[in-house]
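**Student:**
Number of protein chains: 2
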Amino acid sequence: MTKSLASHLSRSVEDYLKVIYHLTETGESATTTAIADALVLAAPSVSGMVKRLAEAALVEHLPYKGVRLTHRGRRAALRILRRHRIMETYLVSCLGYTWDNVHDEAEKLEHAVSDDLIERMSRALGDPHFDPHGDPIPALDGHIVDVTTTPLPAIAVGETVNIARVGTGAADRLRWLADAGLVPGVRITVLDQQPFNGPVTVSLDGTRRVIGRDLALQLLCTRQV
Amino acid sequence: MTKSLASHLSRSVEDYLKVIYHLTETGESATTTAIADALVLAAPSVSGMVKRLAEAALVEHLPYKGVRLTHRGRRAALRILRRHRIMETYLVSCLGYTWDNVHDEAEKLEHAVSDDLIERMSRALGDPHFDPHGDPIPALDGHIVDVTTTPLPAIAVGETVNIARVGTGAADRLRWLADAGLVPGVRITVLDQQPFNGPVTVSLDGTRRVIGRDLALQLLCTRQV
DNA sequence: CGAGTGATTTAGTCACGACTAACTATAAAC
DNA sequence: GTTTATAGTTAGTCGTGACTAAATCACTCG
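So, in structure tokens, the structure goes:
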């Protein structure tokens, strides 16, 4: 029974929380400018909103230092993340979207759908734990699995790994990867690692793929299985 | 220099257009108070918005008289109506909603979904022409079919008709009707019409149903097969 | 025809969430 | 340790879209 006191958070507030969560999750600190950059807003707008978020007890603000989500803020952020990822998965699995064009649609819908609808979608999908990009879907209780992955360039030649996750949202890159068959779930063997940030060569279903450094860094792999 | 437009109408503007369309469609005149009542707003709020809508050339405003949609306003309203009805149909057909609880969800989503998504949903449904309540779904070009219906109390005893449409959105009434099997598409024969606004008795698949006056008025029927 | 009533509009506020301009804190450079 | 660049904050404004209070229009009734 979710008595979300934050009965209703505005669209903007949800966007801020999502960005703050993402920044802290990826190790960056959630500074005013980092948030402003991510949301494409002017810094003073962020300063103002941060103050309101702090008043609403969604973040703790250390002036001139940055912000940290409170427990409530984190719960709210995870709820939005769940919506976003379930939505993306649903659009891809049930409505023929491709993983490179779901993001924008999900971005708008995550603020509009009810909890009920999200749970219906989740059920229709068999309650998945990962979205099409391999990102973990937070559970209803806020629990989110933490998969340890290794970027492809750090995998030794000869090793066989699974692609677990793709760390980019850029549509053109995603399209290229999909065309090459390099999607979460597939198994690849590293055939060659060129030095000096050179490309990686892998074998996928017996065929060779050469992957540039930038892209290879976005392919996050797991060793087990 | 109020230019604004087409590109994106705000959520509020869309709601106003929808209500104005609905009012004029059902024969009522779209006066300030009628709009205010429908949207549960204070009259001055409506006055203000009507002015803005008129500046944006979405409505024509005859002060103290009421408002009429312009061609552009009508097109915009029909686009939203299409979204709403496709959405309702999709939620019922694909996500297990019942016709009495789709309205609110569709109400929020109609403002957030892209045209692309709506068309995907429409295709997934086989491009339906009617929503679960029997309301016609406007086509992409704005064309909307006009089905001539007769309220059940005006059908003569002995006549057999089809229920084409249900003219209420009230969840409790819809639930009762669904339980009784009185949904769009079914064929019924009028067995009795009590005078003085009394109930109507019909036969549905050989079983009898007695329907109170209020509800019977909401059942809009067609005679042709 | 004038008074009254109800619908409508104007006037003035408020909250939200963006912006620019200008000020201040922190940290790095000499 | 002062200077300076950069990041952050304050102050003030704007647009949207709601509100209340007060004025105004239109129509009906005596």
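In the order they appear, the protein sequences are chains A and B. What the first sequence shows, in this note's numbering, is residues 1 to 225, in sequence order. What the second sequence shows, in this note's numbering, is residues 1001 to 1225, in sequence order. Ideal Cβ placement from N, Cα and C applies to all residues, glycine included.
(1) DSSP beta-bridge partners for A:M61?
(2) Go to B:R1187, then tell me how far its alpha helix (DSSP H) extends in each direction, as first and last residue.
(3) State the DSSP-derived secondary structure class of B:W1184, mapped to helix, strand or coil.
(4) For a contact meaning CB atoms closer than 8 angstroms, what does A:M121 contact in chain B?
(5) If we define contact as Cβ-Cβ less than 7 angstroms, is A:A38 a contact residue for chain B?
(6) The alpha helix (DSSP H) that contains A:T24, what's its start and end?
(7) Does DSSP put B:L1039 in a helix, in a strand, or in coil?
(8) Quick check on this structure: which residue in B:H1143, B:L1217, B:I1086 has the alpha carbon closest to the alpha carbon of B:V1240?
(9) Quick one: give me the first and last residue of the alpha helix (DSSP H) that A:I118 is part of.
(10) Looking only at its own chain, which residues have a Cβ that is under 7 angstroms from the Cβ of B:V1161, when we skip the five neighbours before and after it?
(11) Counting only Cβ pairs nearer than 8 angstroms, list the residues of chain A close to B:H1111.
(12) Report buried or exposed for B:G1206, applying the criterion of at least 16 other Cβ atoms within 10 angstroms of its Cβ.
(13) Identify the continuous alpha helix (DSSP H) that holds A:A106 and give its terminal residues.
(14) In the DSSP assignment, find the unbroken alpha helix (DSSP H) run with A:R175 in it and report its ends.
(15) What did DSSP end up calling B:P1153 once you bin it into helix, strand or coil?
(16) The beta strand (DSSP E) spanning A:L219 covers which residue range?
(17) Output the distance between the C-alpha atoms of B:L1005 and A:L204, rounded to the nearest integer angstrom.
(18) What does B:R1165 pair with, by DSSP beta-bridge criteria?
(19) Of the residues that make up the region 50-65 of chain A, which ones have a beta carbon closer than 8 angstroms to any beta carbon in chain B?
(20) Which same chain residues, not among the five before or five after B:V1019, have their C-beta less than 7 angstroms away from its C-beta?
(21) Considering only DSSP beta bridges, list what B:L1204 is partnered with.
(22) Alpha carbon to alpha carbon, what distance is there between B:V1202 and B:R1173?
(23) Express the C-alpha separation of B:D1135 and B:G1181 in angstroms, rounding to a whole number.
(24) Does B:E1226 come within less than 7 angstroms of chain A when only Cβ atoms are used?
(25) Let's test the definition: count the other Cβ atoms within 10 Å of the Cβ of B:L1140 and tell me whether it reaches 16, buried, or not, exposed.
(26) Taking buried to mean at least 16 other C-beta atoms within 10 Å of its own C-beta, is A:R82 buried or exposed?
(27) Please return the same chain residues whose Cβ sits closer than 6 angstroms to the Cβ of B:A1171, not counting the five positions on each side in sequence.
(28) For B:L983, would you say it is in contact with chain A, using Cβ-to-Cβ distances shorter than 7 angstroms as the test?
(29) Taking C-beta pairs closer than 9 angstroms, name the residues in chain A that B:L1117 reaches, listed in chain order.
(30) Among B:V1210, B:H1084, B:R1052, which one has its Cα closest to the Cα of B:P1132?
(31) Who are the neighbours of B:A1124 on chain A, taking C-beta pairs under 9 angstroms?
(32) Per the DSSP calculation, B:T1160 is bridged to which residue(s)?
(33) Between A:M87 and chain B, is the shortest Cβ-Cβ distance under 7 angstroms, so that the two count as touching?
(34) Say whether the region 1085-1100 of chain B touches the region 1050-1067 of chain B, bearing in mind that this needs 3 or more beta-carbon pairs closer than 8 angstroms, one atom from each stretch.
(35) Assign B:P1235 to one of three DSSP states: helix, strand, or coil.
**Tutor:** By the coordinates alone:
(1) Note on residue identity: the sequence assigns His, not Met, to residue 61 of chain A. Looking at the DSSP assignment, A:H61 forms a beta bridge with A:V67.
(2) Here B:R1187 belongs to no alpha helix (DSSP H); instead the beta strand (DSSP E) covers 1187-1193.
(3) Residue identity check: residue 1184 of chain B is Pro in the sequence provided, not Trp. In this structure, B:P1184 counts as coil in the three-state DSSP scheme.
(4) L1095
(5) no
(6) 11-25
(7) helix
(8) Residue 1240 of chain B is absent from the structure shown; chain B starts at 1001 and stops at 1225.
(9) 115-124
(10) I1155, I1188, C1221, T1222, R1223
(11) A112
(12) exposed
(13) 102-109
(14) 171-179
(15) helix
(16) 219-222
(17) Legend: pLDDT at B:L1005 = 41, less than 50; position of this residue unreliable, value from coordinates given subsequently. If I take the Cα positions, the gap works out to 50 angstroms.
(18) B:L1220
(19) none
(20) I1035, A1038, L1039
(21) B:I1188, B:T1207
(22) 18 angstroms
(23) 18 angstroms
(24) The question about residue 1226 of chain B has no answer here: the residues shown for chain B are numbered 1001 through 1225.
(25) exposed
(26) buried
(27) D1100
(28) Here chain B has residues from 1001 to 1225 only, and residue 983 of chain B is not among them.
(29) L91, L95, Y97, E105, L109
(30) B:H1084
(31) C94, L95, G96
(32) B:T1189
(33) no
(34) no
(35) Nothing about residue 1235 of chain B can be reported from this structure: the residues present for chain B run from 1001 to 1225 only.
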